[in-house]
Structure formats: structure tokens, C-alpha cells
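J.: For the sequence shown, the numbering used here puts the final residue at 1013, and the numbers step up evenly by one.
Built from N, CA and C at the ideal position, the CB exists for glycine as well.
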Amino acid sequence: MKWAKFSFHNVSLSKKLLIMYIFSVLIPIVLTNIIFYTVTINNVKQQQMHDSELALKQISHDLGNIIDNAVGISSSFYTNANINHFLEKNYPSDIDYVENYETYLRTLYQSSPINPSIHSIRFYTDNPTMIYSGGVYPIHDIKNLDWYKQIKEEKNATPIVLQSTLDDQTKTFSVIRKLDYFNFNYKQKIVKIDIKPSIIENIFNNITFKGNVYLLNDKGQIEYTTNKGIDFGKKKIYIKDIARKKETVTLTTAYLENTYPQNWKVVGTISEKTMIKTVYKSGRFIIYLACINILLPTIIIILINRSFLRRLRRILRHVKKMGDQNFEKIPDPGYEDEIGILTSEFNRMTGKIKELIQDVFMANIQKQEMEIKRNRAQLSALQSQINPHFLFNALETIRMRSLMKEEIETAKIIHNMAKMFRNSLTWGKDMVTVREEINLIISFLEIQKYRFGDKLDYEIHVDRNAEECIIPNMALQPFIENASIHGIEPLKENGKIEVHISFDGNQLICKVWDNGAGMSESQKQQLIHELENENDMGKSVGIKNVYYRLKLYYQDQFHFQLDSKEGEGTVIIIKIPNQPRQIKKTKVLENHLYFPK
417 MKWAKFSFHN VSLSKKLLIM YIFSVLIPIV LTNIIFYTVT INNVKQQQMH
467 DSELALKQIS HDLGNIIDNA VGISSSFYTN ANINHFLEKN YPSDIDYVEN
517 YETYLRTLYQ SSPINPSIHS IRFYTDNPTM IYSGGVYPIH DIKNLDWYKQ
567 IKEEKNATPI VLQSTLDDQT KTFSVIRKLD YFNFNYKQKI VKIDIKPSII
617 ENIFNNITFK GNVYLLNDKG QIEYTTNKGI DFGKKKIYIK DIARKKETVT
667 LTTAYLENTY PQNWKVVGTI SEKTMIKTVY KSGRFIIYLA CINILLPTII
717 IILINRSFLR RLRRILRHVK KMGDQNFEKI PDPGYEDEIG ILTSEFNRMT
767 GKIKELIQDV FMANIQKQEM EIKRNRAQLS ALQSQINPHF LFNALETIRM
817 RSLMKEEIET AKIIHNMAKM FRNSLTWGKD MVTVREEINL IISFLEIQKY
867 RFGDKLDYEI HVDRNAEECI IPNMALQPFI ENASIHGIEP LKENGKIEVH
917 ISFDGNQLIC KVWDNGAGMS ESQKQQLIHE LENENDMGKS VGIKNVYYRL
967 KLYYQDQFHF QLDSKEGEGT VIIIKIPNQP RQIKKTKVLE NHLYFPK
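(1) Mark Ser490 as exposed unless 16 or more other C-beta atoms lie within 10 angstroms of its C-beta, in which case mark it buried.
(2) Distance, Cα to Cα, Lys689 vs Ile457?
(3) Considering Val514, what are the terminal residues of the alpha helix (DSSP H) in which it resides?
(4) Thinking C-beta only, is Phe919 closer than 7 Å to Ala891?
(5) Short of 8 Å in beta carbon distance, which residues of its chain neighbour Ile379, apart from the five on each side in sequence? Order them along the chain.
(6) Could you have a look at Leu631 and say whether DSSP puts it in helix, strand or coil?
(7) May I have the straight-line CA-CA distance separating Lys461 from Ser580, to the nearest angstrom?
(8) Let me know the secondary structure DSSP gives Leu725 once reduced to three states.
(9) According to the Cβ coordinates, are Tyr1063 and Pro888 closer than 7 Å?
(10) Cβ atoms of Gly684 and Val629: under 7 Å apart, would you say?
(11) Name the DSSP beta bridge partners of Trp929, please?
(12) For Met546, report the span of its alpha helix (DSSP H) as first-last.
(13) Tyr494 and Arg593 look like a contact to me (Cβ under 8 Å); what is the Cβ gap, rounded to whole Å?
(14) Under 8 Å: do the region 425 to 442 and the region 700 to 719 share three or more Cβ pairs, one atom per stretch?
(15) Could you check whether the region 907 to 917 touches the region 864 to 873, counting it as contact only if at least three pairs of C-beta atoms, one from each stretch, sit closer than 8 Å?
(16) For Asp753, name the three-state secondary structure that DSSP assigns.
(17) Tell me the residue span of the alpha helix (DSSP H) that contains Glu897.
(18) Quick one: any contact between the region 507 to 522 and the region 470 to 481, if contact means 3 or more CB pairs under 8 Å?
(19) What does the alpha-carbon distance come out to for the pair Glu469 and Asp557?
(20) So, for Lys603: in the same chain, excluding its five sequence neighbours on each side, which residues have a beta-carbon less than 8 Å away from its beta-carbon?
(21) Please report whether the beta-carbon of Ile445 lies at a distance below 7 Å from any beta-carbon of chain C.
(22) For a test of the three-state rule: what should DSSP assign to Leu433, helix, strand or coil?
(23) Less than 6 Å between C-beta atoms, sequence neighbours within five positions excluded: which residues of the same chain meet that for Asp979?
(24) Considering Cα atoms alone, identify which of His535, Ile708, Lys473 is closest to Thr588.
(25) Can you give me the C-alpha to C-alpha distance between Ile972 and Ile445, rounded to a whole angstrom?
(26) Looking at the unbroken alpha helix (DSSP H) that takes in Pro613, where does it start and where does it end?
(27) Going by DSSP in three states, Thr690 sits in which element: helix, strand or coil?
(28) In terms of alpha-carbon separation, which member of Ala497, Tyr553, Ile576, Gly550 lies closest to Asn599?
(29) With a CB to CB cut of under 6 Å and the five nearest residues on each side skipped, what residues in its chain are close to Ser800?
(30) Should Asn855 be labelled buried (16 or more other beta-carbon atoms within 10 Å of its own) or exposed?
(31) Rounded to a whole number of angstroms, what is the C-alpha to C-alpha distance between Arg538 and Phe701?
(32) Just to confirm, are Ile863 and Ile829 a CB contact at a threshold of 7 Å?
(33) For the beta strand (DSSP E) that contains Asp979, what are its first and last residues?
(34) Pro532: which of Pro613, Phe743, Leu578, Asn633 sits nearest, CA to CA?
(35) How would you write the range of the alpha helix (DSSP H) that Glu851 sits in, first residue to last?
(36) Quick check on this structure: which residue in Ala471, Glu948, Lys927, Lys770 has the alpha carbon closest to the alpha carbon of Ala899?
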């Protein structure tokens, strides 16, 4: 199947405007807003990521500074000879201990600047001569604690930083260090510096970070977190064991900015929804802006579209009315655009056409009357040109046979002749049913069979649905006559004529076939040429008369086909519109050779 070449000229104007609106207005605006919205979300997300990373770095930096301060204080105690002497000395009496305590330890507390990040400083020793109070505690109280075991196993003089719990069960961090710097180290001495829990909490609850913060040790275990659903104080929990949503983003900073503790780092988790929450707030504004950008051009285009499409359609309706001889003018408000000018010109043209119609109206009527008279005269002439010579030949044959023989068949032949004469003389009946036409054909063929004897045989096949269709009187008989005289008569034997009338949809198909002498190709082309040229009657007047009559009745709806080969016979096919009507049924076809399908 070949597809017609596409052209915008075949697309209606309204569809062209719709296509222009979709591809020039709607799609660009929608794509622009989608791209703007996507870029804005990505930019805000990147900015949030950057701000979150800065917040984690700030947490890492602040926590490292506090731990560094605590480590620095522990270092000052580690190298302070007075403190170490105070903890190493054996006191003979309690008064002696109190005097030394007032001299070394209390003076140290008072003279040292108070660090706001330090919650408490505790000294642990196994010196039995000391009074355990005022920040000094016995070691045997902590021997079962994990941090004591850890600091005891520490071979280096480095401090350790670990998570601890104060008396009120508040979680914080502590810096713990052995005091074994000097050579006179005979007793076990440990200093424990606790950082204020509120300081730790303030550092981790950074208002600029919208997610959860985790402090991880070198093993990936959580030492501290802002996630309220995790109890990190009872047991160590690995960060990898925490269930997180798919849309959660994990941010990892560098290690803490100090030497102690080693390989500790701050990790943050934040959901994308939280990160772009500000975008969702501005998303409504973007949607409102997109709606305005879409609706405003749409309204303007609709108004412009209605401005000229409605008027163009009105002009088109009036143009179509002109095809029905309705020359009505278009109401013209006098607009000055191109459509207004077109409307004015259409009205002017309509007025001119009306004037021309008035001028030529009478001439056209006279011309039509003359044409009708000419067609009637031509029809009468065609009807009168039916060549009756076969009747005379048949009568002569009958007369000669009647003289030679006394046969009963003569009565039947005379009866058929009477029918033929009666039908030929009844010209007032222009249209007959197929049944009536077939009865006439049978009468003719019976006469011809009587004439030719066994040399002629015939068959007639008619659809029962086609019997009541009406056709012009004697529309098929001349073709039967031509087949009998010019086709069968030259044969010596086995001549045959077949008539087929079928009903196909809205068409009546009539086929006349004979196996007679036929025609050469040149004779066939000459006959077809003569049929097409109405002014050249020439020979075969009977066929031409029928051909012209059918063409007058059916105009372009009449189809005629002629096929013939010399020595093989002739086939004539006629197709005319189906015109059934309810009429009184005539006598059943009389011949036994009538074979309805």
C-alpha cells in the first residue's frame, strides 16, 4: 500500500494552531520549568551537602579542641613535680597530709585558670597514708573498671580518651593518664579529667546540621551519637549495623584534629528530603509561576484563535452554501483585518454572481428546455430505429415451413411472434422488470431455435433477487439478436447463447455470451469507437441504439464491456444501478431452459 505524501497543506488550520501551540509554547514552557526546578533542587542539595560537611567539620574541630585542652591539662599534671611528690609522699599524720594538700593541690586548683569545658579532675593513687577526699581517690575503687584495665595495660606514657559515665549516669568523655614521668615513681598514680557533658551535647547538636551525628572510634564503633534511638552507653554498636533508609546520605569527615584519640572520626547521616526541604517550600512558587506561564499564553492564543477561526468557518459555510445555489451574504461588521477584507470581497462577489444569474437565468431555462426536447426526440428516434428485419425473416421461414409441412409448432411460433409485435408496439412503457425482459428474450430465442433447429441451444440464469429489478424496455433483446444473427448463424452446428443476470450489492450485472463467429481485434476496436462517438451511427444500429438509451438513462453509472475473439465468440457485460420496485408479479417464465440460481 502506498502512503500519500504528507503535507501540512492537508492539515486543518485549527490543528496547525494546536501543533504550533504545543511545540512553540506548551512544551518549551514545561521543559523550562522542569529544568529550572531540577537545577534548583540539585543546587540546593549541593549547598546543603556543603553546609552539612562544614557543620561536621566544625563538630570535629570543636571536639578535638576540647579533647586537646583536656590532654594538655593532663600533660601539665604529668610533668608537675609538686603534684607527683604530693601523691608519692608518705604522710605520718593526717595533719601533715592536710598541710601538704593545702600547699600543693588546693593551691594548684586556685592558681590554675578554670577551663569551662572541664567537669572534674580526679587523682587516683595507692598511697595508703593519704586521706581520700577533695579530688583524691583510692585506686582499689576503680580496679574493676574497664578504663583502669586499659590504662594499666598501656605501656606508653600517652593518655587515653574514652567514653565515660558520671555519677548521674550522664555520658561524657574522659582523658586518663598515668603519672609516671619522674624517677621517684614508687606508687601508682592516675589522673582522670572529665569533660562537661553539656559541652559535648552542645558540640554535637549543631543547629546547622539537620541529621544524626555519630562519633566513631578506630574500630567503627559508636562512641557518641545524637540519634535518640541508639543506646550507645550500654554496649558498643557498629555504625554498619544501623538500619538506614535508602534516601539517607552519609557524610564522613576527616579524623579528629588531635593526636588523642587516634583514628576517631565524625560521621553524619541526613535524609535527602530534609536536605531539600527548602526546595519543597519554593516548589509551590515554581508551580504557580509555571501555571501562570502556561495559562496566560493559552488564554491569549485561544482568544486569537477564536478571533479568526470562527470567522473563517463562517466564510467556509457560506462558500458551501453557494454550491447549493444559496448566495446569502455574510453579516459584515466591517473589520479591517485580512479576514474582514475577505468577508467584504466575498459579499461583493456574491452580489456579482446574483446579478449574473439574473442576466442569464432565462437563457439557461430556454437552453435546458431545448436540451430536454432534444433528448426526447433522440430517444424517440432511437426507439424507432429498432431494426425489424428479423421479424420478416422469421415470418418468411414460418410461412415456407407451413407450406411444406403441417406442424403444430407453427402455432407456438406465431404466439411468440405476437408477443414480439405487442412489445415492440408498446413504447409508452419505457421501464420493465427483468422478468418481463427475460420473457421477451425467451420468445425471441424460441423463434430463433425454430429457425436454426439443433444448431442453436440457449440457457438463461437469473438471480431471484434480480427478477423484480426494473430496466429499460428491450435493453437486452438487441444483444441477443446480434448474437443469434452475427454469431450463431454462420456456424454449422453446436451454437449456444447464454444469458446471466445477477445481483451484486447496488448493481445489476447482465452478461450475454455466445460461442459464435466472434470478431477480430480491429472489428472490436472499430465497434467500440463507434459506440463512443454518438454522431457516427454506421453499422450495428441495434446495439448502438441500446447503448445510447442506457447511457441516457444512467449517465456515468452505466458500465459497458465488450470482449470478442474471432472464431471463439463474444461476451457483452452491462452493469447498471439496481432499481427494484414492487409490481404485480407476471406469469412465471415459460421456458424450461430458464435456470434460476
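T.: Taking the definition as stated:
(1) Position 74 of the sequence shown, counted from the start, is the residue given in the question as residue 490. Per the 10 Å Cβ criterion, buried.
(2) Stepping through the sequence shown from its first residue, residue 689 is reached at position 273. Stepping through the sequence shown from its first residue, residue 457 is reached at position 41. Those two C-alpha atoms are separated by around 11 Å.
(3) By one-based count along the sequence shown, residue 514 stands at place 98. 510 to 516 is the span of the alpha helix (DSSP H), which, as asked, contains Val514.
(4) As a working note, residue 891 is residue 475 in the sequence shown. As a working note, residue 919 is residue 503 in the sequence shown. No. Outside cutoff.
(5) Nothing about residue 379 can be read from this structure; the chain reaches only from 417 to 1013.
(6) In the sequence shown, residue 631 corresponds to position 215, counting from 1. Strand.
(7) In the sequence shown, the residue the question calls residue 461 occupies position 45. In the sequence shown, the residue the question calls residue 580 occupies position 164. Taking the straight line joining both Cα atoms gives about 37 Å.
(8) Against the sequence shown, residue 725 aligns to sequence position 309. Helix, per DSSP.
(9) A question about residue 1063 goes unanswered here, because the residues of the chain that appear run from 417 up to 1013.
(10) To locate residue 629, count along the sequence shown from 1; it is residue 213. To locate residue 684, count along the sequence shown from 1; it is residue 268. Taking 7 Å as the Cβ cut-off, Val629 and Gly684 qualify as a contacting pair.
(11) The residue you call residue 929 lines up with position 513 of the sequence shown. The partner list for Trp929 (beta bridge, DSSP) reads Glu914, Val987.
(12) Numbered from 1 along the sequence shown, position 130 holds the residue referred to as residue 546. Per DSSP, Met546 belongs to no alpha helix (DSSP H) and is neither H nor E.
(13) On the sequence shown, residue 494 is found 78 positions in, with the first residue counted as 1. On the sequence shown, residue 593 is found 177 positions in, with the first residue counted as 1. About 6 Å; that satisfies the 8 Å criterion.
(14) yes
(15) yes
(16) Taking the first residue of the sequence shown as 1, we reach residue 753 at position 337. Coil at Asp753, not helix or strand.
(17) Working through the sequence shown from its first residue, we reach residue 897 at position 481. Note, Glu897: alpha helix (DSSP H), 893 to 898.
(18) no
(19) Locating residue 469 in the sequence shown gives position 53, counting from the first residue. Locating residue 557 in the sequence shown gives position 141, counting from the first residue. Rounded to the nearest angstrom, the two C-alpha atoms are 43 Å apart.
(20) As a first step, residue 603 must be located in the sequence shown, where it is residue number 187. Excluding sequence neighbours, Lys603 sits near Leu503, Glu504, Thr541, Asp542, Asn543.
(21) Included in the structure is just one protein chain, with no chain C present.
(22) Start at 1 with the first residue of the sequence shown, and residue 433 comes out as number 17. It is helical.
(23) In the sequence shown, residue 979 corresponds to position 563, counting from 1. The residues are Val987.
(24) As a position in the sequence shown, residue 588 is number 172, starting the count at 1. Looking at the Cα atoms, His535 is the closest of the given residues.
(25) Translated into positions along the sequence shown, residue 972 becomes position 556. Translated into positions along the sequence shown, residue 445 becomes position 29. Sequence check: residue 972 is Asp here, not Ile. Those two C-alpha atoms are separated by around 57 Å.
(26) Indexing the sequence shown from 1 puts residue 613 at position 197. Segment 613 to 620, the alpha helix (DSSP H) holding Pro613.
(27) Start at 1 with the first residue of the sequence shown, and residue 690 comes out as number 274. The answer is helix: DSSP assigns Thr690 an H, G or I state.
(28) Translated into positions along the sequence shown, residue 599 becomes position 183. Per the Cα distances, Ala497.
(29) Reading the sequence shown from its first residue, position 384 is the one you call residue 800. Low per-residue confidence applies at Ser800: pLDDT is 49, beneath 50, and the placement is therefore not dependable, though the value from the model is reported in the following sentence. So the list is empty, once near-sequence residues are dropped.
(30) The sequence position of residue 855 within the sequence shown is 439, counting from 1. With 16 or more Cβ atoms within 10 Å of its Cβ, Asn855 is classed as buried.
(31) Residue numbering aside, residue 538 sits at position 122 when the sequence shown is read from its first letter. Residue numbering aside, residue 701 sits at position 285 when the sequence shown is read from its first letter. Answer to the nearest angstrom: the Cα atoms are 59 Å apart.
(32) The residue given as residue 863 occupies position 447 in the sequence shown. The residue given as residue 829 occupies position 413 in the sequence shown. Yes, the Cβ-Cβ distance between Ile863 and Ile829 is below 7 Å.
(33) Position 563 of the sequence shown, counting from 1, holds the residue named residue 979. Here the beta strand (DSSP E) through Asp979 covers 975 to 981.
(34) The residue given as residue 532 occupies position 116 in the sequence shown. Looking at the Cα atoms, Pro613 is the closest of the given residues.
(35) Against the sequence shown, residue 851 aligns to sequence position 435. Going by the sequence as given, residue 851 is Arg instead of Glu. Element bounds for Arg851: 850 to 868.
(36) As a first step, residue 899 must be located in the sequence shown, where it is residue number 483. When each option's Cα is compared against that of Ala899, the closest is Lys927.
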